[in-house]
Every structure is written in structure tokens, then in C-alpha cells.
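Residue numbers (the working numbering): 211 to 374.
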């Protein structure tokens, strides 16, 4: 497990929400634990990893916070802009419920990814003025296990918002 503060660097990242087409910043999920599952349709290990996350992790936290009361959002993050039909087929086949795009690779670069699939658990529960002080509590190339992700998610204890 890794714990590192990335501060405002991640707050400025922009993603395209595939369901609405709107650009959203990571701070749309300020106050929450956020799991990012980076994938591309051509990545062979991404298929089983994303399928397992969607089948086991997403339902575990749907409408249920972690043991410390922190809300949890799981986001599948597409990194491929070529052949959108293949990306759509990947998403539909796996039934991915909440997909955002990181087409310019800014998030992958900021998080220092070294391949796909790339999984990150971010603690955004410490906020100031509605902006999260994002901390990486877990990151790994490839899916180690759902248990490792749950351990990282369940270890996050929310803090009270500070004024300022």
C-alpha cells in the first residue's frame, strides 16, 4: 500500500463523463473515496480486471459507505480515443456503470502509471472549501485482488471539513 499526498495537482484534472458528455474535475467527488480503474479496449488484462471490479467492488459500495462512513465511488477510466466503437463495445460487454475519459493521459501521467490496467484508490475525504486534498492510498499496475482494494478503501477515515 502507498500513501502519498498529491494535493491540488489532482484537483485540477479534467475528465469527460461519458454518460453526460460534460467535463468534470476530480473534485466532483470531493469528500469521497474514489477508485480509478484505468483501461483501454485493446488491453487484454483490463477485461478481467474491470469485469471483476464491476461485479464485486461496485456492488459492495453502492449506496453503502466504507466502515468509517466515507462514501465510495468507483470509476472506470477509458484512456483510448481511437476506435470509439470498440471502446463502447468493451464498456457494454462488461456492463461498466460509471465511465469517464482520460483521453489526454493527464491523470495517468499525474499518477505515474506504468501500464494498464492501472488501479488507484484516492482519499478525497479531507476537504477545505469543497476542494479535496487528494491522497493516494493505493496504486498498482494490474489487479492484485479485490481484497487489496477493499482493504485500502476500508482503511480511509474521513476528516471534518476545515474552513478557509
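Heads up, the beta-carbon is just placed ideally off N, CA and C, and yes, glycines get one too.
Q) Since residue 349 and residue 343 are thought to touch, with beta carbons under 8 Å apart, how far apart are those beta carbons, to the nearest angstrom? A) Rounded, the Cβ-Cβ distance is 17 Å, inconsistent with contact.
Q) When DSSP builds the beta bridges, which residues end up paired with residue 226? A) 233 and 311
(Q) Let me confirm a value: residue 354 is counted as buried when at least 16 other C-beta atoms fall within 10 Å, else exposed. Which label applies? (A) exposed
(Q) What does DSSP give as the partner residue(s) for residue 300 in the beta ladder? (A) In the DSSP output, where bridge partners are listed per residue, residue 300 has none listed.
Q. Roughly how many angstroms lie between the CA atoms of residue 295 and residue 278, to the nearest whole one?
A. 40 Å
**Q.** Cβ shell of residue 269 (< 7 Å), same chain only, five flanking positions each side left out
**A.** none
Q: Compare the beta carbon distance of residue 274 and residue 363 with 8 Å and say whether it is the shorter of the two.
A: no
Q | Among 347, 334 and 317, nearest to residue 248 - alpha-carbon criterion | A | 317
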